[in-house]
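S.K.: One structure, pasted below without further comment.
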Amino acid sequence: MRVDRVLAMRVGVLTGGGDCPGLNAVIRAVVRKGVQQHGFEFIGFRDGWKGPIEGLTQPLDVAAVRGILPRGGTILGSSRTNPFKVEGGVDAIKKTLAVEGVDALVAIGGEDTLGVASRLHEEGVHVVGVPKTIDNDLNGTDYTFGFDTAVQIATDALDRLHTTAESHHRVLVVEVMGRHAGWIALHSGIAGGANAILIPEMPFDVDEVCAWVERRFERHYSPIIVVAEGATPKEGSMSLSSGEVDAFGHVRLGGIGDALARVIEERTGKEARVSVLGHIQRGGTPTAYDRWLATRFGLYAVDAVKDGAWGQMVALRGTAIELVPLAEAVGTLKTVTPELYREAEVFFGT
Ligand code: F6P
């Protein structure tokens, strides 16, 4: 086996933000290739950026990553800690890296975690990013791992909800994740034969949704409506939230499904029930596609470390894995285009 022992680097790995199926597959690929081919040593940082701020570490070698490929979650833990919101957070990170003798960091995360990575890169920290999010809303990459698993879970739920909706002649509203982008709603809604798909990018007309419901019943079928948690009605905000915000300023969402079902019942007189899939979409074993994508991301990320490609993120373009600047990936979110949304409209209310 080839081993490039040109640089005996010590590399830190962390996972930040909401967890996502496939994180462990990335960690495994980074460590396996890093140790076996590049002669690197690794150290795990616990709970996202909290780890290097507070010096929370865990051993990370080949033995530590055995058996984790199919496991959901992350063996390193995660958090939404933002070092730029913690007094002395950035200096604490630099100090921990120096104390632990860490030459480079692999940061695995979404918009927020990689946004921090991009700013740390500007401050001279050697960092390479790996994109993750079940929401698939990160720019610069065609897909993020975790998305396929979330879509599969939501599609399985839709398949099951069709039969119970039909038995009881009810409307079934299914709320899926997607704070700013409707990718999970769109893909699972198409795959699961939804009769309406409501996404954050396209504010919906409640009367039109009610008309779709009635039309579907006229055809003697029960309507299934998929709504992303961040979707809003045209005439104002119907989305309920707890008002709490996290360290990146995101409001905790939830409640649009309930609110929509209530309005549908009032306006159509049809019984409507809600299923909120919530964190079920993020838990458990990754699909084969997500394991494949996450593994390839890990292999290329550790090569980027070897090449000193600091401030870069691995990305899927077509079937190739490429490097894109972190700054480009985190500037704006990748959202569903009106053209893509319109493809699904033929199924609405029919
Ligand atoms: O960012 C991914 C995501 O799954 C969003 O779709 C969702 O709004 C959010 O995480 C909720 O995460 P948590 O409950 O862990 O804060």
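In this text, residue positions in the sequence shown follow this note's numbering: the first is 5, and each later residue adds one.
Backbone N, C-alpha and C fix where the C-beta goes; we use that ideal spot for every residue, glycine too.
Can residue 13 be considered in contact with the ligand F6P, in the sense that its beta carbon sits closer than 7 Å to one or more heavy atoms?
M.R.: Residue 13 Cβ: outside cutoff for every heavy atom of the ligand F6P.
S.K.: Is residue 89 buried or exposed, if buried means 16 or more other CB atoms sit within 10 Å of its CB?
M.R.: By the 10 Å Cβ count, residue 89 comes out exposed.
S.K.: Give me the residue from 214, 145, 209 and 207 with the minimum Cα distance to residue 273.
M.R.: Nearest of 214, 145, 209 and 207 to residue 273, Cα basis: 214.
S.K.: Tell whether a beta-carbon distance below 8 Å holds between residue 217 and residue 175.
M.R.: In this structure, residue 175 lies closer than 8 Å to residue 217 by Cβ.
S.K.: Pair every Cβ in the stretch 25 to 33 with every Cβ in the stretch 114 to 130, then say whether three or more of these pairs are closer than 8 Å.
M.R.: Touching, no, given that fewer than three Cβ pairs across the two stretches are closer than 8 Å.
S.K.: What does the Cβ neighbour count give for residue 70, buried or exposed, with the cut at 16 atoms within 10 Å?
M.R.: Exposed: under 16 other Cβ atoms inside 10 Å.
S.K.: Can the beta-carbon of residue 49 be found closer than 8 Å to that of residue 15?
M.R.: No, they are not a contact pair.
S.K.: Distance check for residue 190 and residue 359, CA to CA, integer angstroms please.
M.R.: This structure gives no information on residue 359, because the portion of the chain shown stretches from 5 to 354.
S.K.: According to DSSP, simplified to helix, strand and coil, what is residue 74?
M.R.: Reduced to three states, the DSSP call for residue 74 is coil.
S.K.: Between residue 227 and the rest of its own chain, which residues show a CB-CB distance below 8 Å, the 5 nearest in sequence each way excluded?
M.R.: Excluding residues within five positions, the ones whose Cβ falls inside 8 Å are 169, 175, 176, 199, 200, 216, 217, 220, 221 and 353.
S.K.: Excluding the 5 residues preceding and the 5 following residue 12 in the sequence, name in chain order all residues of the same chain whose CB lies nearer than 8 Å to its CB.
M.R.: Counting only Cβ-Cβ distances below 8 Å, and skipping sequence neighbours, we find 43, 44 and 45.
S.K.: What residue ranges within the stretch 295 to 351 form continuous alpha helix (DSSP H) runs of no fewer than 4 residues, ordered along the chain?
M.R.: Runs of the alpha helix (DSSP H) inside the stretch 295 to 351: 330 to 335 and 342 to 348.
S.K.: Less than 7 Å between the CB of residue 137 and some heavy atom of the ligand F6P, yes or no?
M.R.: Checking every heavy atom of the ligand F6P against the Cβ of residue 137, one is found closer than 7 Å.
S.K.: Can residue 317 be considered in contact with the ligand F6P, in the sense that its beta carbon sits closer than 7 Å to one or more heavy atoms?
M.R.: Checking every heavy atom of the ligand F6P against the Cβ of residue 317, none is found closer than 7 Å.
S.K.: Please state the DSSP three-state secondary structure of residue 12.
M.R.: Reduced to three states, the DSSP call for residue 12 is coil.
S.K.: Suppose only complete runs of 3+ residues qualify. What are the beta strand (DSSP E) ranges in the stretch 204 to 237, listed by chain order?
M.R.: Within the stretch 204 to 237, the complete beta strand (DSSP E) runs of at least 3 residues are 228 to 232.
S.K.: Quick check on the burial criterion: 16 or more other C-beta atoms within 10 angstroms. Buried or exposed for residue 327?
M.R.: By the 10 Å Cβ count, residue 327 comes out buried.
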